[in-house]
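This report concerns only the one structure given below.
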Amino acid sequence: MTPPTAQPAPLLSLHGATKSFGAVIALSDGTIEILPGEIHALVGENGAGKSTLVKVLAGVHQPDSGRFEVDGAPVVFRSPADSKAAGISVIYQEPTLFPDLTVAENIFIGRQPRGRLGLIDRPQMRRQARELFTTLGVPIDPDRIADGLSIADQQIIEIAKAISLDAKVLVMDEPTAALSGVEVERLFAVARSLKARGAGILFISHRFDEVFDLCDRVTVMRDGAFIATHDTKDITVDGLVREMVGRDIATLYPKQDATIGDTVLSVKNLSRAGVFSDISFDVHSGEIVALAGLVGAGRTEVARAVFGIDRYDAGSVTVAGKRLRAHSPQAAIDAGMGFVPEDRRKQGLVMELSVARNATLTLRKQLARFGLIDSRRERAAAEDWTTRLQVKTGSQDLSVSTLSGGNQQKVVIAKWLATNPKLLIVDEPTRGIDVGTKSEVHRLISELAGQGIAVLMISSELPEVLGMADTILVMHEGRISARLSRAEATAEAVLKAASATPESVK
Amino acid sequence: MSETTLPVKARSNVSRLFFGRNANTVYALVLIVILASIFVPYFAGTATVSFLLIDAIPILLMAMPMALIIITGEIDLSVASTAGLSAAVMGVLFHDAHWNIVWVFVACIVVGLLCGAFNGILISTIGLPSLAVTIGTLALFRGLALVVIGDNAVADFPVDLTTWATSTIGGTGIPTFMIIVAVVVVIFGIILHFTPFGRALYALGFSKEAASFVGIRVNRSKFWLYVASGGISAFAGIFWVLRYSSAQSDSVQGLELSVVAAVLLGGVSIFGGSGGIVGVVAGVLIIRTVNYSLQLAGLPDTVLTIVTGTLLVLSVIAPSVTARIRRSAERKRSRTLIHDATAA
Amino acid sequence: MTQATPPAVYEPRAGRAIGRIFVSREFSVFAALAVLIIVTEVVNPRFLSAQGIKDLLLNSTIFVIMAVGQALVIITKNVDLSVGSILGLTAYGTGAVFATFPHIPLPFVFLIGIVFGAILGAINGFIVTLAGVPALVITLGTLYIFRGINNAWAGSNQYFVGNEPAEFGNMSVQTLFGIPWFALGALVIVIIFAIYMFSARSGRDLYAIGSDTDAARLFGIKVNARVVGAFVACGALTGLAGVLYASRFNSVGADTGTGFELQIVAAVVVGGVAIFGGSGTVTGAAIGAVLLTTMTGALAALNVSKFWQQAIVGVLIIAAILLDRILSIRTARKLRVSEARNV
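Protein chains in written order, with this note's numbering: chain A, 2 to 507; chain B, 1010 to 1353; chain C, 2 to 344.
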């Protein structure tokens, strides 16, 4: 690595970009500068505005204001095509492949090599795809359709696509989240070779070891705004965390003492072919059990199967001593379970319905008298729970889509608390929530445990896991790879178990 | 749906009836009726009421389950074919098999329920797209009607029944049959607006995933909606035969268009999730009123399909155009918000 | 650059390409067609007489051309239900052209039909893309609007262009080596569009759009322009089919082509074009159209009541989407188990 002595002109610079959606301000000061031949990290908590900034660079979002220059010349991107034409290539967190097209076509769509008559030269396309995969060292059939590829393989294809584009600036939004150790190494090798060729790389990651290992400079964002840019050699992990969070971690996780009581949920040998296998664990009343691990390790899938959203092939789920009927969320709810899902907008709430309707959706049967819903009782119940959780809204009749992320999450929690649950499953409870409300949500979960509710929490944020959980289960590739008590849990232990060196490389 | 303005006082159900999107359709209907009374000769009168309403009956009937189905984000294009099959069965069982008319009615309804269940199984249990399935059953049920009755037309139904079907209540001009239709409409209105099942349908229409997370049985709800749609369509088919005193293979053909158009015109979103029964009833009446006034004005029946088709296209384009306008207004507002926020 | 691990590269296995042909949807539809023809021929040997084959080919021509256009639209995850009405308008329009200009050169007639169809298709395409609403509803609306216009235009009038001018009507009976010219023309169209869809960038864009419209947009593919293009092509091909229809069948009037949309959609989905877009080929759609037409002929040859025909169309549509569904569930399950890493 050769850090530039005299700063060359930046390939790309964005200053003071703003972007808002309705009442929600996603980006209030988007600022970044990428130099040729550098790998630049962008860090910040979930909801800090990193993804919005990436989408501005990609031409998906048009900033409301701000200065945006590529190669020193001001640019306005009206579409992703403009961004691509300017030499910017983006790899998103969730790969966007065309499931019906072949792998080779997915790489070359819109710019397939052409032969006679302007027709696509398929042998040539196949050869180029195979060459790319050789460089990346992965065995993927270029003629296979993309449907059904694993997330890691999809990610590899995205990377192959970006490499083939020969981009000046490569933006990678958490590319390693779903990758195993070997795959990450391979990706880094590719990134370094691109850097050696003079490309600028923007690398977004939650893993500090990667940031310090790979990157030359790091930019910190918080609450939609630029905080600082540092040379990685001049800053420590603690310093970065302080800038990201804006305060010390200890104050962020107000863990209350709770008496841990009887077993509420008992999961035994739960398996679903190809997704997870042999999962066993117990959750006691007052206990917060965290499921940690990488994205794609099967944590959410386990929770969904436990709650009855998905089927499972073998094993059993027992709630308070009674075996739960499989594949029936209603049965789970009747047994006293609640589920705060990871995707609040798609799964947790019906965004277009009013706050009141959402808050009482779980109660719709209890609120009915002679089969008809008593709208006065419905309204009263909604008022009751939304005030208890301090949901900030103009009116119960506004659709929940008008609320901020944190308040939306409170409505989701409210609708489950209204059912008086024994067990609450919370999947990524603070994703996309601003820092202030975040600690409120944490306090709430902690309080619930204090009142004797059993909590099963899925989280990708290490501090959250370490700060909140009484017991930590780490999942790796569909299995539980470690069980740690609060006392023995450290960031290193969890990370190691989460990315456990695979026994057999596939 | 409520607007997204600053703190608003909670709306009562009554005020919602007068100011919601439902209400706009009602106002549009009133306006159209007034305009027609002024400009179309012979429009104002009890004869109008009776002609207008009697042709509205089959649409109104089929629009009820259709509204619920579209609210859940699905569609049923086979309603008119189901009605046609029921009409064909009715003709054959009565004329050729000499069944008692009561048993014929029962058999027709059963046929309709089975048609609906067939759609329901394919769509909810197997998970096929409703649009493709019901295009298929649109052809299939109509084809079965042809198989059942061929190119015969049965016309010798009991005269007292056929006259009853076209009779009116006293001098009001309101068809007697409207009483039954009113009962059906009220039942569907209650189901949609006042029961847990109705609540579930809205949630389902906006987000199947979110609905399943609160324990809504997505597939089961849909299945029963299609069964209801089949049964009601068969009932509409029976009415159709009695009204025209004739059962043939092409009875009720093409009416699915008017039904879908009426429901969408009535404020139900084609993407699912929003709409109400009052609006749908108004939507049906708008389509009938427009058609009837143009008929009175001397346009031939065959050309009227242009009007129905145009109403359908407009009813789906209008919400998306207004949404686009609203979005751009929102963008402007948020820009000022940012401005305020940064100034503060 | 250096690699820590030796690169594992995918090595293509020989003979796979041939294997793929036999498991392809096109092949199985073709096989079904062959079985149908053989069975019918065994029961009724008159089915494959020289005249029988000629009728079969001629009757298929119109559906094949329309199916190719419809396939383009369905591959983009849309559908055009107004094709029956477009055919009606263009066929009647052809009659009207001859009535007004009895000596107009034939190529002009074809040109007028194609452009007329393309304009109607463009109307569909623009409404669908600009309003951003499901094509099904829009084209259901235009189905009735176009039909209504046809009704208003034609009234109870009919044109008998199959006889007058004679050279126009004769076109449909002229053959080359016993194969009707029309059928050869349809074959050329299928080949051109098959190559376009397989080997042109814009053709592949249509698949990408149908596969994942949002991703296609993210990719910078001009989604709206491509979708409008597909609708225009569908309209133009249907317009061509309308002219051929006028030549082949004796009379064109207000209800020409009524109900064709169902048969065309059936042909396309039976031919393996997924109703949710993104996959399938125009070749498959064309074979599906031949299969459907043959079915009609076979029913008559087998002495099955003609009343069964529409019911069979319905069954075919449902069977085709059911089959697609079952196949996709099976492959998804297989992939889930086989590609999972040591779980």
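Just so it is clear, CB atoms sit at the ideal spot from N, CA and C, and this is done for glycine as well. Just so it is clear, the structure is predicted and the values come from calculations on it, not from any experiment.
When Cβ-Cβ separations below 9 Å define contact, residue 1243 of chain B makes no contact with chain A.
In the structure shown, residue 1143 of chain B falls within a helical segment according to DSSP collapsed to helix, strand and coil.
When Cβ-Cβ separations below 9 Å define contact, residue 458 of chain A makes no contact with chain B.
The secondary-structure analysis by DSSP pairs residue 230 of chain A across a beta bridge with A:220. For residue 76 of chain C, the enclosing alpha helix (DSSP H) has its first and last residue at 51-76. Taken atom to atom, the span from the alpha-carbon of residue 1080 of chain B to that of residue 53 of chain C is near 50 Å.
Against chain C, the CB of residue 1270 of chain B has a partner CB under 9 Å away; the residue lies at that interface. Check the Cα spacing between residue 17 of chain A and each of A:484, A:225, A:159 and A:62: the tightest is with A:225. In its chain, beyond the 5 residues on either side, 157 have a beta carbon closer than 7 Å to the beta carbon of residue 139 of chain A.
The three-state secondary structure of residue 198 of chain C, taken from DSSP, is helix. The segment 71-152 of chain A contains, as complete beta strand (DSSP E) runs of 3+ residues, the segments 89-92 (chain order). For residue 1187 of chain B, the enclosing alpha helix (DSSP H) begins and ends at 1187-1203. Contiguous beta strand (DSSP E) elements confined to the segment 287-350 of chain A occur at 289-294, 315-320 and 338-341, taking only those with 3 or more residues. When the Cα atoms are used, residue 431 of chain A and residue 19 of chain A turn out to be separated by approximately 23 Å.
At a cut-off of 9 Å between C-beta atoms, residue 331 of chain C does not count as an interface residue with respect to chain A. Of all residues in the segment 1184-1204 of chain B, the ones placed with a Cβ closer than 9 Å to any Cβ belonging to chain A are 1199, 1202, 1203 and 1204, in chain order.
As the crow flies, the alpha-carbon of residue 457 of chain A is around 11 Å from that of residue 423 of chain A.
Around residue 1049 of chain B, the same chain offers 1302, 1305 and 1306 as residues with beta carbons nearer than 8 Å, after the five sequence neighbours per side are excluded. For residue 1186 of chain B, same chain residues with a beta-carbon under 7 Å away, outside a window of 5 residues either side, are 1066, 1174 and 1248 in chain order.
The DSSP-derived three-state label of residue 464 of chain A is helix. Taking a contact as a CB-CB distance under 8 Å, the pair residue 64 of chain C and residue 247 of chain C does not count as one, their CB atoms being some 15 Å apart.
Chain order gives the chain C residues near residue 121 of chain A as 199, 200, 201, 202, 204 and 205, where near means a beta carbon separation below 9 Å. CA-to-CA, the gap between residue 1292 of chain B and residue 1198 of chain B works out to about 15 Å. With the rule of 3 Cβ pairs closer than 8 Å, the segment 299-314 of chain C counts as touching the segment 1150-1169 of chain B. Excluding its 5 nearest sequence neighbours in each direction, residue 184 of chain A has C-beta neighbours in its own chain below 7 Å: 153, listed in chain order. The Cβ of residue 211 of chain C sits closer than 9 Å to at least one Cβ of chain A. Secondary-structure assignment with DSSP links residue 34 of chain A through a beta bridge to A:14. In the three-state DSSP reduction, residue 67 of chain A falls in the strand class (E or B). Between residue 310 of chain A and residue 1221 of chain B a beta carbon distance of about 6 Å is seen, short of the 8 Å cut, so the two are scored as contacting. The contact set of residue 353 of chain A on chain B, defined by CB atoms closer than 8 Å, consists of 1010, 1215, 1282 and 1283 in chain order. Inter-residue distance for residue 82 of chain A and residue 221 of chain C is about 4 Å (C-alpha atoms, whole angstroms). For residue 124 of chain C, the enclosing alpha helix (DSSP H) begins and ends at 107-132. Residue 271 of chain A is a Cβ neighbour of residue 279 of chain A, given a cutoff of 9 Å. Chain B places a beta carbon closer than 9 Å to that of residue 318 of chain C, counting this residue as a contact. It is roughly 25 Å from the alpha-carbon of residue 217 of chain C to the alpha-carbon of residue 13 of chain A.
In summary, residue 130 of chain C is buried, with 16 or more beta-carbon neighbours lying within 10 Å of its beta-carbon over all protein chains present.
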